[in-house]
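The structure appears below as C-alpha cells.
Residue numbers (UniProt numbering): 1 to 67.
Here it is in C-alpha cells:
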C-alpha cells in the first residue's frame, strides 16, 4: 500500500492512456506519484461448478479444474 505525501490517504492506481503510464493518485487532494516498483495481483473468481471440484478435492488448497 502506498500513502499520499500530503494527506496520508491511500493512493489508488490510475492510468494515463495517452502516455501509457501507470501511476498512483490520491482521491482527496489530487496528489499523484509514479511508483518505483509495481506489485500486480491476479484475482480469479470461481463459478459454482469449480467450487464443487475444490470442495471435493478437500485438500484445503484451491486448484483449477483439470480440462
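The beta carbon of each residue, even a glycine, is placed where N, CA and C say it ideally should be.
So, is residue i buried or exposed, given that buried needs 16 or more other C-beta atoms within 10 angstroms?
{"i": "residue 26", "result": "buried"}
{"i": "residue 4", "result": "buried"}
Roughly how many angstroms separate the alpha carbons of residue i and residue j, rounded to a whole number?
{"i": "residue 12", "j": "residue 22", "result": "10 angstroms"}
{"i": "residue 10", "j": "residue 36", "result": "17 angstroms"}
{"i": "residue 30", "j": "residue 38", "result": "20 angstroms"}
{"i": "residue 2", "j": "residue 19", "result": "22 angstroms"}
If you reduce the DSSP assignment to three classes, tell me which class residue i lands in.
{"i": "residue 6", "result": "coil"}
{"i": "residue 26", "result": "strand"}
{"i": "residue 13", "result": "strand"}
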